[in-house]
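Have a look at the structure below before the remarks.
Residue numbers (the working numbering): -15 to 278.
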């Protein structure tokens, strides 16, 4: 596996790796840097990024296992999107250093679906594909619930449908790493919950490693295997997420995790916790309806 060091980090592709259930912890940002993790889909060491005199990332270390879903939380300006853009190779105009290793096949989904308005749904999904493009695109659109909408235009779709097309466009390429920068932030609450279920199903089927940037604690808990909190450009908190089985003990554990994450994000009031708890309860109540709607 190749990696780059020194200067402004370029994204170095690794060899194809098979999915694994292993968890790889985020390394501490103090002392000597550990070596890049040999079996990780993503391995980052000492990542520094800045814009002009302003520092954004201050020595971030991160590993993501093949098939693992990691959610990245943090206040605005802490470097979440900067880290995602570094992994995507989209940060050429910043100063920085560090080492990054990512897989060969990387796809990105943004908050804005970024569909080409002058092309059809099918044309947007086949963009850049060479072999069996139409067959693969139709299959991907069926996976996201848009079979029969291939000839529609982006302006004829709802916001949720546009994001479904964006997901199809990303997953049709069978990425080993899916980077998602607040992909559901502009959607209404019910549509967002439905999209959570869809994303879980797609990730289970395709098994990419995933890094999701979000401000939503409940979204992170609902989707991720592990949650990383950034603060002032450094890793502040790392928490695993237990599978949601439905018992009272599971609910209590997730409520404790929510409070822990809110504290890490600087929300210490009982009002803030109550708001987040109510949001979590609303999402849990809506999941059966959302599942039935898919």
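Glycine included, every Cβ here is placed at the ideal spot set by N, Cα and C. Everything numeric in this text was worked out from a predicted model, so none of it was measured.
For residue 47, the enclosing beta strand (DSSP E) covers residues 38 to 48.
Contact check for residue 207 and residue 94: beta-carbon distance about 17 Å, past the 8 Å limit, so the pair fails to qualify.
Rounded to whole angstroms, residue 106 and residue 152 show a C-alpha spacing of 10 Å. With respect to residue 156, residue 46 sits apart: the two C-beta atoms are not nearer than 9 Å. With contacts defined as CB atoms closer than 9 Å, residue 97 and residue 149 qualify as a contacting pair. Taking all protein chains shown into account, residue 248 has 16 or more neighbouring C-beta atoms within 10 Å of its C-beta and is therefore buried.
Using a Cβ distance threshold of 9 Å, residue 25 and residue 86 count as a contacting pair. The beta carbons of residue 31 and residue 78 sit no closer together than 9 Å. Here DSSP, grouped into helix, strand and coil, assigns residue 120 to helix. Residue 144: member of the alpha helix (DSSP H) spanning 143 to 155, first to last residue. Residue state for residue 80 is assigned as strand, using DSSP reduced to three classes.
The three-state reading of DSSP puts residue 65 in helix, counting H, G and I together. Cβ-Cβ separation between residue 182 and residue 205: approximately 17 Å, too far for a contact (criterion under 8 Å).
Of the residues assessed, residue 140 falls on the exposed side of the cut-off, its CB having fewer than 16 other CB atoms within 10 angstroms. When the beta-carbon positions are compared, residue 48 and residue 174 stay at least 9 Å from each other. Looking at 64, 132 and 167, the one whose alpha-carbon comes closest to that of residue 216 is 64. Going by beta carbons, residue 57 and residue 219 fall outside the 9 Å limit.
Minimum Cα-Cα distance from residue 250 among the listed residues 169, 214 and 137 corresponds to 214.
Counting C-beta atoms within 10 angstroms of its own C-beta, residue 154 has 16 or more neighbours from the protein chains shown and is therefore classed as buried.
Approximately 7 Å separates the beta-carbon atoms of residue 121 and residue 113; this is inside 8 Å, confirming the contact.
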